[in-house]
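One structure is given below, encoded as structure tokens.
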Amino acid sequence: MKRSRSLFAKLALVLLAVVAAGGVLYVTVTAVVSRGYQRELHQNLYRNLAANLVRESHLLDAGEVQQDALYEVFHMMMVINPAIEVYLIDTAGDILAYSAPEGIVVRECVDLEPIARFLVADSRLPIFGDDPRGRDGHKVFSVAPVGSAQSPEGYLYIVLGGTEYDSVVELLAGSYFLRLGAAGLLGSLSVSLAAGLWLFYYLTRRLRGLSRRVVAFEAKAGLEPVAASDPAANEGDEIERLGGSFDRMAERLLRQVEELRHLDSLRRELIANVSHDLRTPLTSLQGYLETLRLKDDTMSAADRLRYLDIAERQAARLSRLVAELFELAKLDAGGVELHREPLALGELVQDIVGEYRLAAERRGVNLEAALPAGLAWVSADIGLIARVLGNLVDNALRHTPEGGRVRVGVDVQPQAVAIEISDTGRGIDAEDLPRLFDRFFYRRSGRRAEAGTGLGLAIAQRSLELHGASIKVESALGHGSTFSFALPRVA
37 MKRSRSLFAK LALVLLAVVA AGGVLYVTVT AVVSRGYQRE LHQNLYRNLA
87 ANLVRESHLL DAGEVQQDAL YEVFHMMMVI NPAIEVYLID TAGDILAYSA
137 PEGIVVRECV DLEPIARFLV ADSRLPIFGD DPRGRDGHKV FSVAPVGSAQ
187 SPEGYLYIVL GGTEYDSVVE LLAGSYFLRL GAAGLLGSLS VSLAAGLWLF
237 YYLTRRLRGL SRRVVAFEAK AGLEPVAASD PAANEGDEIE RLGGSFDRMA
287 ERLLRQVEEL RHLDSLRREL IANVSHDLRT PLTSLQGYLE TLRLKDDTMS
337 AADRLRYLDI AERQAARLSR LVAELFELAK LDAGGVELHR EPLALGELVQ
387 DIVGEYRLAA ERRGVNLEAA LPAGLAWVSA DIGLIARVLG NLVDNALRHT
437 PEGGRVRVGV DVQPQAVAIE ISDTGRGIDA EDLPRLFDRF FYRRSGRRAE
487 AGTGLGLAIA QRSLELHGAS IKVESALGHG STFSFALPRV A
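In terms of my numbering, the sequence shown is residues 37 to 527.
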């Protein structure tokens with residue numbers, strides 16, 4: 037399930053939950069404390085009520101209940117407070133008489149332990165005693181011994197039940213001030229909630245803006261994750277989205293740093309190889325020219341022509357190296373613009389094979405082309421594809437020994453036209469394959485092919501990349517190599 041809740045929404049929900057929980061807790065604590073305080077206050081207020089009634093009345097005489105005196109006490113309590121319940125109990129806690137209608141009192145005796153604690157001077161209130169109207173109920177009370185305090189004949193037990201409530205709701209409903217306080221609390225919490233929401237919205241606005249700017253920057257720059265990321269990083273709140281963007285950027289930066297290090301290593305190797313490859317023909321050219329100048333008077337015409345021929349070949353080699361460097365630099369910098377046009381690939385292969393046939397005969401290598409019966413058309417830049425084919429054929433000829441064979445095949449497929457250039461040369465070591473298309477890379481055979489620059493395969497690869505194609509190589513030592521690529525067919 038997609039999550040789109042913002043940080044502000046989460047903070048708002050948390051604040052709402054905290055405020056609601058705090059309000060409920062405050063109301064509950066206030067009600068409990070108020071009820072406890074009310075019980076304590078009421079018991080303190082009526083603490084001596086039973087004692088005063090006993091002092092003014094003769095309820096027991098020789099263990100016998102004085103009905104007239106007891107009725108007078110009951111009548112007096114009904115006038116003072118009808119909710120007060122009066123009980124006359126003996127020294128064992130058994131109820132002898134009470135001021136309640138028949139059938140309401142369900143207990144026959146009450147516990148004397150709370151009564152004993154109540155009669156102790158300076159006892160801490162409130163003290164709860166048994167409520168004869170309920171099996172498990174307890175309420176505050178007032179009690180006094182009947183007769184002598186040292187050897188009482190019984191007790192006058194008064195339950196102060198008129199101020200009791202069975203629930204917080206009843207307590208709030210029965211108290212105007214508590215209702216007023218609850219309304220004030222609700223208003224205060226509402227104002228606090230509104231203020232907190234506004235404060236959260238104000239504090240998170242910069243984070244929202246930053247998150248939008250980072251996402252917009254990623255979209256504008258076309259930056260995509262280089263590895264699979266947690267979907268929650270794109271679907272969560274602003275912090276999660278910022279975290280996901282940071283992780284992606286950090287991953288890209290680390291990868292780019294590694295690429296820069298690799299490119300720096302290649303640059304150093306390129307400079308070293310370029311310096312060597314430029315120095316060799318330049319030194320040779322300079323040496324032969326100096327020899328011609330110093331020995332011009334004593335040199336025969338045949339030697340002079342031979343030296344000039346060597347110097348010309350070195351100059352051509354130098355010119356070819358500079359041209360290939362310039363071409364590769366343009367390909368790497370995106371300075372080459374494709375000019376696509378319909379191209380019969382089989383005819384182009386036949387032309388390239390014909391161009392290199394003389395060079396193959398000089399090397400003693402059999403160069404052949406395997407062409408399809410019909411024409412296979414592709415859309416490509418003729419110049420770049422011709423250069424790719426020429427570089428691959430030249431590379432195969434230079435690494436195929438005398439008596440070997442180089443074959444250029446065209447395979448027409450339903451959606452593409454594939455080209456394969458295979459040779460019967462020495463083959464390529466497996467550890468050389470990953471770097472085969474690097475600039476100035478030479479195989480580990482330890483011998484550079486004559487007139488080779490190490491740039492032909494790199495130029496071929498980048499030319500095909502401009503066409504959206506890739507070049508593949510398969511090789512086995514002692515069995516030769518096969519280079520292949522494919523271009524999409526057109527009608």
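Virtual Cβ for every residue (Gly too), placed ideally from N, Cα, C. Predicted, not measured: the structure shown is a model, and the values here were computed from it.
Starting from ILE418, trace the beta strand (DSSP E) both ways and give me its first and last residue. Taken as a continuous stretch (DSSP letters only), ILE418 belongs to no beta strand (DSSP E), being part of the alpha helix (DSSP H) at 418-434.
CA-CA distance, ARG91 and ARG169? 26 Å
For ILE120, list the residues DSSP reports as bridge partners. According to DSSP, ILE120 bridges with nothing at all.
Shortest alpha-carbon distance to LEU428 belongs to which of ALA494, ALA466 and ALA416? ALA494
Does the segment 64-71 come into contact with the segment 287-305, if we say contact requires no fewer than three beta-carbon pairs (one atom in each stretch) closer than 8 Å? no
Same chain only: Cβ atoms within 6 Å of ALA180, ignoring 5 sequence neighbours per side: ALA86, ALA87, VAL90 and LEU192
C-alpha gap between ALA496 and THR334, whole angstroms: 47 Å
Can you name the start and end residues of the beta strand (DSSP E) that ILE131 belongs to? 131-134
Determine the closest residue to ALA119 out of ALA136, ASP130 and THR127, with distance taken between C-alpha atoms. ALA136
Taking TYR245 as the reference, give the member of LEU290, ARG423, ARG277 and MET113 with the closest Cα. One detail in the question is off: residue 245 reads as Gly in this sequence, not Tyr. When each option's Cα is compared against that of GLY245, the closest is ARG277.
Roughly how many angstroms separate the alpha carbons of VAL109 and ALA185, rounded to a whole number? 20 Å
Suppose the cutoff is 8 Å on Cβ atoms and the five residues either side in sequence are ignored; what does the same chain contact list for TYR392 look like? LEU403, GLY426, VAL429, ASP430 and LEU433
How would you call LYS175, buried or exposed, if buried means at least 16 neighbouring beta carbons within 10 angstroms? buried
Taking the alpha carbon of PRO524 as the point to measure from, which residue in VAL453, GLY514 and SER458 has its own alpha carbon closest? VAL453
Three-state secondary structure assigned by DSSP to HIS503: coil
Local conformation of ASP172 per DSSP, three classes: coil
Does the count of Cβ pairs from the segment 49-59 and the segment 224-231 closer than 8 Å reach three? yes
Alpha carbons only, please: which of SER499, GLY504 and LEU472 is nearest the one belonging to THR518? LEU472
Any chance the segment 135-152 sits against the segment 120-127, with 3 or more Cβ pairs inside 8 Å? yes
Please report the residue range of the beta strand (DSSP E) in which LYS508 lies. 508-512
Between the CA atoms of ALA337 and TYR324 - distance to the nearest angstrom: 15 Å
When the Cα atoms are used, what is the spatial distance from ARG303 to ARG242? 44 Å
At the level of alpha carbons, what is the spacing between LEU384 and ALA422? 7 Å
Residue range of the beta strand (DSSP E) that includes ASP459: 452-459
Suppose you measure from the CA of PRO261 to the CA of ARG249; what does that come to, to the nearest Å? Low per-residue confidence applies at PRO261: pLDDT is 48, beneath 50, and the placement is therefore not dependable enough to give any value.
Note down the Cα distance separating ASP167 from ILE131, rounded to an integer number of angstroms. 12 Å
To the nearest angstrom, report how far apart ARG160 and HIS111 are at their CA atoms. 31 Å
Is it buried or exposed for PRO317, if we count other Cβ within 10 angstroms and need 16 for buried? buried
When DSSP labels each residue in this structure, what does SER159 get in the three-state scheme? coil
Are the beta-carbon atoms belonging to ASP459 and GLY516 less than 8 Å from one another? yes
Those residues which DSSP pairs with SER415 across a bridge: PRO378
What are the boundary residues of the alpha helix (DSSP H) that LEU51 is part of? 43-81
Just checking my contact of GLY165 with PRO150 at CB under 8 Å: how many whole Å lie between their CB atoms? 4 Å
Rounded C-alpha distance that separates VAL293 from TYR238: 38 Å
Does the contact criterion of 3 or more C-beta pairs under 8 Å hold for the segment 336-351 versus the segment 375-390? no
How many Å lie between GLU510 and LEU379 at the Cα? 27 Å
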